[in-house]
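Remarks on the structure that follows.
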């Protein structure tokens with residue numbers, strides 16, 4: 007299989023910060039808003055270079071979503087920054103009415119998604135956000151896998167007209183995608199070709215999927231690994247093409263298996279090419295405090311969980 | 318004020334539009350619509366500086382956001398009679414495939430509307446964003462909003478009220494339809510609002526009371542006063558004292574007509590109190 011090299015661990019939120027900084031220099035219409043989490047979202051450089059284009063909202067996320075919607079009227083491209091929990095569940099109706107239904111060009115940028123937020127525990131570890139956001143008509147949902155991809159995605163969504171949910175995280179993780187990559191919204195990336203099973207992964211679990219594929223290769227199992235960074239619009243054709251070859255699929259995400267990528271994969275395949283599938287995701291549960299690694303292991307989100315799911319799905323072919 | 322009679326005539330015609338619209342589909346919100354008729358007529362025809370036609374960005378013109386979207390009948394009538402869309406289209410209010418949804422939206426592309434509203438408490442935040450965009454664009458025009466008084470029970474308003482003063486958003490005039498009524502009864506009984514003037518002032522706003530919110534001349538003068546207070550470092554609040562259902566005697570001074578349509582007989586009664594002026598749609 008194709009080998010990927012970790013260029014040095016980094017956090018996806020810093021990829022967002024770097025992308026936003028670049029946008030500050032290249033796109034005068036980009037403005038940023040934050041609800042008292044500037045440091046956590048790595049927005050300092052953008053603010054330093056563009057103080058007039060930054061809006062500190064305070065701890066008032068509902069107001070932030072409304073202000074972002076309003077800023078689009080007059081041609082601005084607002085990027086809101088707060089934790090994923092406060093970017094979605096807390097403000098669902100504001101996003102629904104003032105942004106999605108109103109068709110506003112707001113980029114909802116959400117850090118600290120999933121259990122890898124770590125020690126802060128379940129109040130902050132949202133595992134339902136992809137589901138909530140993908141159900142909103144017109145919303146684009148993106149969950150990049152590493153620093154480089156998050157930076158590229160941040161830059162790309164400024165060029166996309168319409169509301170976007172961009173999900174990323176807190177921990178430093180492997181940075182393995184190309185530094186100069188072009189990010190195409192809605193386009194799945196074939197990371198490694200294989201013949202026995204398709205692993206469709208998003209976010210932090212893409213690297214875990216690659217490790218799992220390496221381990222499986224040692225057992226004589228050839229896994230195809232696809233990076234789905236855009237959950238909506240979903241590149242169903244890429245997945246369909248792969249499963250027609252492999253005959254089974256494992257979906258992997260740091261999210262409740264209900265409402266996430268896996269459900270999108272299952273829904274697509276059920277109507278086009280019914281395929282045995284196993285889900286790697288949290289199983290209808292809240293998270294808890296712990297280190298990211300401990301939590302990934304306990305909630306079945308690491309490469310071992312993916313490997314196990316592959317062995318299971320292979321038996322169902 | 319030479320235009321005053323024309324605007325009075327328009328006010329009566331808008332009232333006819335409101336009751337006819339809600340009667341036709343046996344649904345909608347006449348009470349708050351009738352109470353805000355003078356305000357909406359004055360705002361669009363005497364106060365706001367508007368460009369010809371409509372584009373979403375609204376650069377170089379004043380903007381208006383209706384936060385209490387359920388009073389869509391008065392909004393649609395005033396927009397249509399201002400020329401944003403054909404007056405005949407009022408016939409489609411709340412019908413399938415219409416641009417005139419039960420609550421206003423941009424979704425069907427109705428000219429004049431810049432945000433969806435209906436779920437309460439969101440309009441002021443949106444207006445703040447638009448006001449900040451105007452400042453970034455060096456656009457000296459103003460942003461207006463309208464809110465129900467009961468709507469202030471939604472907490473998001475107070476986030477916005479705090480933000481507006483803290484950030485000196487002084488190109489914003491937010492009007493509160495102070496009629497003291499909401500769906501379940503008097504605001505005083507449902508959840509008392511307290512002293513709104515003191516609350517807004519304590520948050521750092523400049524407050525203008527329009528005591529006679531159903532007197533067209535008083536509304537115009539009050540809004541001109543509010544306008545004169547913009548650009549001075551504070552957001553401006555207008556407390557518009559209105560009577561819900563104003564202009565149709567049996568709908569006045571009660572919450573009963575918040576979201577209820579008149580029957581045939583009641584429609585005739587309401588129309589007889591507001592004889593046709595500019596022509597029905």
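Chains as they are written, first to last, in the numbering used here: chain R, 7 to 323; chain Y, 318 to 598. Virtual Cβ for every residue (Gly too), placed ideally from N, Cα, C.
In chain Y, which residues lie with their C-beta within 8 Å of the C-beta of residue i?
| i | result |
| --- | --- |
| residue 58 of chain R | 453 |
Grouping DSSP H, G and I as helix and E and B as strand, with all else coil, what is residue i?
| i | result |
| --- | --- |
| residue 570 of chain Y | coil |
| residue 310 of chain R | helix |
| residue 479 of chain Y | helix |
| residue 292 of chain R | coil |
| residue 207 of chain R | strand |
| residue 465 of chain Y | strand |
| residue 525 of chain Y | strand |
| residue 78 of chain R | coil |
| residue 345 of chain Y | coil |
| residue 13 of chain R | coil |
| residue 8 of chain R | coil |
| residue 233 of chain R | strand |
| residue 422 of chain Y | coil |
| residue 449 of chain Y | helix |
| residue 196 of chain R | strand |
| residue 558 of chain Y | strand |
| residue 44 of chain R | coil |
| residue 502 of chain Y | strand |
| residue 486 of chain Y | coil |
| residue 185 of chain R | coil |
At a CB-CB cut-off below 7 Å, which residues of chain R make contact with residue i?
| i | result |
| --- | --- |
| residue 495 of chain Y | By Cβ distance, chain R contributes nothing, its closest Cβ being about 22 Å from residue 495 of chain Y, past 7 Å. |
| residue 412 of chain Y | Near residue 412 of chain Y there are no residues of chain R at all, since even the closest Cβ is about 19 Å away, more than 7 Å. |
| residue 432 of chain Y | 75, 104 and 108 |
| residue 439 of chain Y | 72, 100, 103 and 104 |
Under 8 Å between beta-carbons, which chain R residues line up against residue i? List them in chain order, please.
| i | result |
| --- | --- |
| residue 462 of chain Y | Going along chain R, no residue has its Cβ under 8 Å from residue 462 of chain Y, so there is no contact; the nearest lies around 10 Å. |
| residue 547 of chain Y | Residues of chain R passing the Cβ test: none, with the nearest at roughly 17 Å. |
| residue 487 of chain Y | Chain R residues near residue 487 of chain Y: none, gap ~16 Å exceeds 8 Å. |
| residue 375 of chain Y | 79 and 80 |
With a threshold of 16 other CB atoms inside 10 Å of the CB of residue i, please say whether the residue is buried or exposed.
| i | result |
| --- | --- |
| residue 386 of chain Y | buried |
| residue 48 of chain R | buried |
| residue 111 of chain R | buried |
| residue 184 of chain R | exposed |
| residue 69 of chain R | buried |
| residue 508 of chain Y | exposed |
| residue 343 of chain Y | exposed |
| residue 537 of chain Y | buried |
| residue 544 of chain Y | buried |
| residue 329 of chain R | The structure shown does not extend to residue 329 of chain R, since chain R is modelled only from 7 through 323, so no value can be given for it. |
| residue 323 of chain R | exposed |
| residue 322 of chain Y | exposed |
| residue 413 of chain Y | exposed |
| residue 468 of chain Y | buried |
| residue 471 of chain Y | buried |
Run through chain Y and tell me which residues come within less than 7 Å of residue i, C-beta to C-beta.
| i | result |
| --- | --- |
| residue 33 of chain R | The premise fails here: residue 33 of chain R is roughly 14 Å from chain Y at the closest Cβ pair, so nothing lies under 7 Å. |
| residue 69 of chain R | 442, 473, 476, 477 and 480 |
| residue 26 of chain R | Residues of chain Y passing the Cβ test: none, with the nearest at roughly 17 Å. |
| residue 61 of chain R | 449 |
At a CB-CB cut-off below 9 Å, which residues of chain Y make contact with residue i?
| i | result |
| --- | --- |
| residue 82 of chain R | 446, 449, 450, 453 and 454 |
| residue 64 of chain R | 476, 479, 480 and 483 |
Mind pulling the chain R residues with CB within less than 9 Å of residue i?
| i | result |
| --- | --- |
| residue 436 of chain Y | 99, 100, 102, 103 and 104 |
| residue 424 of chain Y | 107, 108 and 109 |
Span of the beta strand (DSSP E) holding residue i?
| i | result |
| --- | --- |
| residue 86 of chain R | 83-89 |
| residue 380 of chain Y | 380-383 |
| residue 283 of chain R | 283-288 |
| residue 433 of chain Y | No beta strand (DSSP E) contains residue 433 of chain Y, which DSSP labels as neither H nor E. |
| residue 173 of chain R | 170-173 |
| residue 495 of chain Y | 489-495 |
| residue 260 of chain R | 255-262 |
| residue 117 of chain R | 113-117 |
| residue 61 of chain R | 60-62 |
What residue range is occupied by the uninterrupted alpha helix (DSSP H) comprising residue i?
| i | result |
| --- | --- |
| residue 38 of chain R | That residue, residue 38 of chain R, is in no alpha helix (DSSP H); its beta strand (DSSP E) goes 36-40. |
| residue 517 of chain Y | 513-520 |
| residue 146 of chain R | Taken as a continuous stretch (DSSP letters only), residue 146 of chain R belongs to no alpha helix (DSSP H), being part of the beta strand (DSSP E) at 146-148. |
| residue 412 of chain Y | Unbroken run through residue 412 of chain Y: none, as it is neither H nor E. |
| residue 536 of chain Y | 533-545 |
Across the region 321-334 of chain Y and the region 160-167 of chain R, are there enough close Cβ pairs to call them in contact, namely three or more that are closer than 8 Å? No, the region 321-334 of chain Y is not in contact with the region 160-167 of chain R.
Is there contact between the region 374-386 of chain Y and the region 437-456 of chain Y, where contact requires at least three CB pairs shorter than 8 Å? Touching, per the Cβ criterion.
Pairing CB atoms from the region 56-64 of chain R with CB atoms from the region 185-205 of chain R, are three or more of them under 8 Å? Contact between the region 56-64 of chain R and the region 185-205 of chain R is absent, because fewer than three Cβ pairs lie under 8 Å.
At least 3 beta-carbon pairs within less than 8 Å: the region 529-536 of chain Y vs the region 551-566 of chain Y: Yes, they touch.
Please confirm if the region 124-138 of chain R is in contact with the region 262-274 of chain R, defined as three or more CB-CB distances below 8 Å between the two stretches. By the Cβ rule, the region 124-138 of chain R counts as touching the region 262-274 of chain R, because three or more pairs are nearer than 8 Å.
Using 8 Å as the cut-off, can you tell me whether the region 167-185 of chain R makes contact with the region 103-117 of chain R, which would need three or more C-beta pairs spanning the two stretches below that distance? In short, these stretches touch, since the Cβ pair count reaches three.
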